[in-house]
Amino acid sequence: MKNIPIKRVDLIFEEVTCREMVQKVFKTDPDEILQQILDSGLKGRGGAGFPTGMKWKFAADEPSNEKYIICNADEGEPGTFKDRQILSDVPEKVFCGMAIASRVIGATMGYIYLRGEYKFLLPLLDEKLIIFHELMKEMNQDFHIKIRLGSGAYICGEESALFESIEGKRGEPRNKPPYPTTSGLFGKPTCINNVETLVHTVMILKYGPEHFRELGTKDSRGSKVFSVSGDTPKAGIFELELGMSVSDFVDEFGDGDTKSVQVGGASGFCVPRKKFEETIIGFEGVPTGGSMKLFNSSRSMYNVLHNYLDFFTEESCGQCTPCRVGCQQLLKGIEAVKKGEKNSRYLDELVKLASTMKIASKCGLGQSVGNAFSSIVENFREEIIY
Amino acid sequence: MIKENELVKELANKHGRRRDSLLPILQDIVVENNYLSDDVMVDVARELDISAADVYGTATFYTFLETTPRGKYVIRICKTISCSMKGKNQILQTIEEMLKIKLGETSADRKFSLLETNCIGWCHKAPAMLINDTPYTELTTTKVTEILQMYIKKK
C-alpha cells in the first residue's frame, strides 16, 4: 500500500459566494448533480464513511412527497471539534450543501441538529439563516432549514437516535433496517449528512468531481478536516489530503516523543509507535471522523483507556444489554486487574467481551467500544496490568 | 419570575403542542428556571396532552435537562481525555476552593453549580469549561479565578 505524503488543502474553509452556488445548483438538473457526487467518490466525513452519492440516490429513489435532509452537527466524539469551526467560519456553505441535497432528493425541509454544547453558535447561525431563507424566497425555492438543539447526549449523534431526539423522545437508537433513506425522521425518507460532508458537496460542484478525485487514494478520495489534540505543539484544525501514513502525520504534528495516536476518538483505534509506518489514515487503514489524539511517553495508557470507558459507560443509552452492561464490566474489569483483584489473563476475557459487544450491540456506540479497548489492551498490555 | 404554568403555556404557544415540541419547551424552561421541577413537568404533560411519565422519561435522558435544582450559573468542566491530560483537576480544585462547593454541589445562594461533563469540543484548547452556554478555554488557575470573579460580581 502506497501512502501519500502530508499535504495541506484549503477547500472546506475557502470563501464561496453562497448566492452564486445556490443559483447554479437550482439551474442544474438534480440527476446531473447526483452523478457528480457519485463520480467524486465522496464518503461521509462523520466517521462511518458511507458513500454520500449512494445515500442521496437511495433517498432520491423513494417515491414519498415528504422527505427530510438533516445536517448532523452533534459532534460529540472525544477529540473532534472541526464541525464547530466549520459552522462558525463558513455556515453559508453548510446551508448551501443542504440545499444541494434537498434538490437531489426532493426535500423541502431541512434540520440542523446542533449539539447543546455548541449553543453559543446559535445567534450567528440564526442570523445567517435569515439571509439564506431570503435567498431561497428570492429564487422561488421551497426549502426551509430549522435548527434543533441537543441537550448533552453523545448518543444523539447516531442517526436514528438523532431522529428520535428531534421527534421529542429519548435519544435511543432504532433497529436497522429500515435505513433512514427509507424511513427516517417522522418515518419519512431522510438523508442525514455530517457538516463537513455537506461542505464537500459544495466544493465538488464548484470545482468538479475530477478535482476531488485527484486528491487522496482509491479508497479514500479527497481531503479531510482533522482535529489534532493531545501531546502536540500544533493542536488545532487542519485540512489534509487523505491517505497519509501515521508516521508522516506524527513527523508533522508529534512532539518528538509520540508513543501512540488515537485515530477516530474514543470509538476509534489506538495506533502504537511500532505500527506508525504501516498504518494509513483513511478507509483502507484506520478510518476517522477527524479526531487525532497524540500521546507521548509520559502518558499512562491505563488512564487513557479508563477515561474512554468512563465516557462510554456514561454515554451508553442503556437500551440494549450488551452495551449497557458491557461498558460497565469493561471499566470494572480493568480496575480489578490494575488492583490485582483479577489476574492478567482476565484481560483476555474482557477482549472477548468487547468483541461480543461488537456483534450484539444495537448501534454504533456499543459496536465500537471494542475498537479502542482491544487496540489499547493488545498494544499496551503491561501498562494496563502494572 | 413568571408562574410555572404560565411559562409552560407561553412556551407551548411559541414551540407548538406536538410531541416534537417537547425538547425545545423543556430546554427553554431550563434556561428560565435552571432546572425542571416535578410540577413543571406535569404542566408540560398536560399542555401537550401526553403522560407525565413520558415527559420525565425524556427529560432524564438528557444530561443538560436538569431535574434537580441548579444554580443560576452552571459550570461544566470537561473531564474527557485532552482536558484531563492538560490539568483539569487543578482547575476543578481552584473552583472548589473559590466557591466553597464540591463537585456536584450548588452554592448556598443558588448562584453556582459545579459539574463535570463529557467532551465539549475544545480539545485543542484544553482544559475547557462551559458556564451555562459560554465556553472558556485554555484555562489556567489564574484565568479561571478571573473568570469566576467576573461571575461573582454579576447579579
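Chains Y and F are the protein sequences, given in the same order. Going by numbering that gives the first Met the number 0, the first sequence wraps up at 385, each residue one higher than the last. Going by numbering that gives the first Met the number 0, the second sequence wraps up at 154, each residue one higher than the last. Positions of the beta carbon are idealized from the N, C-alpha and C atoms, including for glycine. Keep in mind it's a predicted model, so treat the numbers as computed, not measured.
Buried or exposed by the 16-neighbour rule on C-beta atoms within 10 Å, applied to residue i
i	result
S50 of chain F	exposed
I203 of chain Y	buried
L52 of chain F	With the sequence shown as reference, residue 52 of chain F is identified as Ala, and Leu is not the correct amino acid for it. Exposed, because fewer than 16 other Cβ atoms sit within 10 Å of the Cβ of A52 of chain F.
D82 of chain Y	buried
D256 of chain Y	exposed
I165 of chain Y	buried
K145 of chain Y	exposed
L123 of chain Y	exposed
V201 of chain Y	buried
R169 of chain Y	buried
Q35 of chain Y	buried
M40 of chain F	buried
T51 of chain Y	buried
R44 of chain Y	buried
L163 of chain Y	Per the sequence presented here, residue 163 of chain Y reads as Glu, with Leu not at that position. The residue is buried, with at least 16 neighbouring Cβ atoms inside 10 Å.
Y34 of chain F	buried
R114 of chain Y	buried
Y385 of chain Y	exposed
M300 of chain Y	buried
R147 of chain Y	buried
G207 of chain Y	exposed
P434 of chain Y	Here chain Y covers residues 0 to 385 and nothing more, so residue 434 of chain Y does not appear.
Residue i - partner residues in DSSP beta bridges
i	result
P4 of chain Y	For P4 of chain Y, which the question treats as bridged, DSSP gives no partner whatsoever.
R147 of chain Y	Y:Y112
S226 of chain Y	Y:I236, Y:S290
I76 of chain F	F:E115, F:M128
P134 of chain F	F:L129
R220 of chain Y	Y:G215
P50 of chain Y	Y:K42
T105 of chain F	F:S112
N302 of chain Y	N302 of chain Y is not bridged to any residue.
C269 of chain Y	Y:Q261
A72 of chain Y	Y:L113
T189 of chain Y	Y:Y67
I280 of chain Y	Y:V285
N295 of chain Y	Y:T257
S373 of chain Y	Looking at the DSSP assignment, S373 of chain Y forms no beta bridge with any residue, so it has no partner.
Among the options, the one whose alpha carbon lies nearest that of residue i
i	options	result
E348 of chain Y	Y:S222, Y:C319, Y:Q328, Y:C322	Y:Q328
G96 of chain Y	Y:P176, Y:I191, Y:E61, Y:P122	Y:I191
V368 of chain Y	Y:S297, Y:H305, Y:M291, Y:I384	Y:H305
L129 of chain F	F:L102, F:Y72, F:S106, F:N88	F:Y72
R212 of chain Y	Y:V103, Y:S39, Y:E276, Y:T231	Y:S39
V103 of chain Y	Y:K273, Y:Q261, Y:E31, Y:G115	Y:E31
K2 of chain F	F:E31, F:S20, F:K13	F:E31
V43 of chain F	F:R109, F:T67, F:A107, F:P23	F:P23
R7 of chain Y	Y:E74, Y:G221, Y:F94	Y:G221
D250 of chain Y	Y:F268, Y:S266, Y:G325, Y:T231	Y:T231
F311 of chain Y	F:K78, F:A58, F:T141, F:K124	F:K78
E145 of chain F	F:S106, F:L98, F:N117	F:L98
M135 of chain Y	Y:L120, Y:L121, Y:L10, Y:I99	Y:I99
P90 of chain Y	Y:G75, Y:K223, Y:T79, Y:L121	Y:L121
C322 of chain Y	Y:E171, Y:F142, Y:E158, Y:E61	Y:E171
S374 of chain Y	Y:A265, Y:R344, Y:S296	Y:A265
K187 of chain Y	Y:H132, Y:E238, Y:G105	Y:G105
Q273 of chain Y	Y:G332, Y:S150, Y:S259, Y:G183	Correcting the residue identity first, residue 273 of chain Y is Lys in this sequence and not Gln. Of Y:G332, Y:S150, Y:S259, Y:G183, the residue nearest in Cα terms is Y:S259.
E276 of chain Y	Y:Y345, Y:K361, Y:S246	Y:S246
N4 of chain F	F:D37, F:S20, F:R18, F:R17	F:D37
T287 of chain Y	Y:V15, Y:L128, Y:F225	Y:F225
Y345 of chain Y	Y:I333, Y:M356, Y:W55	Y:I333
Q366 of chain Y	Y:G151, Y:V15, Y:K351	Y:K351
T388 of chain Y	Y:F294, Y:F248, Y:K223, Y:K292	In the structure displayed, chain Y extends from 0 to 385; residue 388 of chain Y sits before or after that span and is not available.
| field | Contact list for the stretch 117-128 of chain F against chain Y, Cβ threshold 9 Å | value | N117, C118, I119, G120, W121, C122, H123, K124, A125
| query | When the Cβ atoms of the stretch 195-203 of chain Y are set against those of the stretch 76-95 of chain F, are three or more pairs found closer than 8 Å? | reply | no
| field | Interface residues of the stretch 105-135 of chain Y facing chain F [CB-CB below 9 Å] | value | R114, G115, E116, Y117, K118, F119, L121
| message | Taking beta-carbon pairs under 8 Å, can you tell me which members of the stretch 41-52 of chain F lie near chain Y? | response | none
| task | Taking 8 Å as the threshold, find out whether the stretch 179-188 of chain Y comes into contact with the stretch 58-76 of chain Y through three or more Cβ pairs. | result | yes
| said: Would the stretch 58-76 of chain F count as touching the stretch 113-121 of chain F if we require 3 or more Cβ pairs under 8 Å? | reply: yes
| request: Say whether the stretch 228-246 of chain Y touches the stretch 279-295 of chain Y, bearing in mind that this needs 3 or more beta-carbon pairs closer than 8 Å, one atom from each stretch. | output: yes
| Using Cβ-Cβ distances below 9 Å, what residues of the stretch 292-315 of chain Y are close to chain F? | K292, F294, R298, N302, V303, N306, Y307, D309, F310, E313, E314
| message | Which residues of the stretch 358-374 of chain Y have a Cβ closer than 8 Å to any Cβ of chain F? Give them in chain order. | response | none
| Which of the residues in the stretch 2-30 of chain F, read from start to end, lie with their CB under 7 Å from any CB of chain Y? | R18, D19, S20, L21, L22, Q26
| task | Identify each residue in the stretch 327-357 of chain Y for which the Cβ-Cβ distance to at least one residue of chain F is less than 8 Å, and report them in chain order. | result | none
| When Cβ atoms are compared, which residues of the stretch 15-29 of chain Y fall closer than 7 Å to chain F? | none
| query | Using a beta-carbon distance cut-off of less than 9 Å, what residues from the stretch 68-80 of chain Y approach chain F? | reply | E74, G75, E76, P77, G78, T79, F80
| Which of the residues in the stretch 224-241 of chain Y, read from start to end, lie with their CB under 8 Å from any CB of chain F? | S226, V227, S228, G229, D230, A234, G235, I236
| request: Quick one: which residues of the stretch 165-177 of chain Y get their C-beta closer than 9 Å to a C-beta of chain F? List them in chain order. | output: I165, E166, G167, K168, R169, G170, E171
| query | For the stretch 33-57 of chain Y, which residues have a beta carbon sitting closer than 7 Å to at least one beta carbon of chain F? | reply | none
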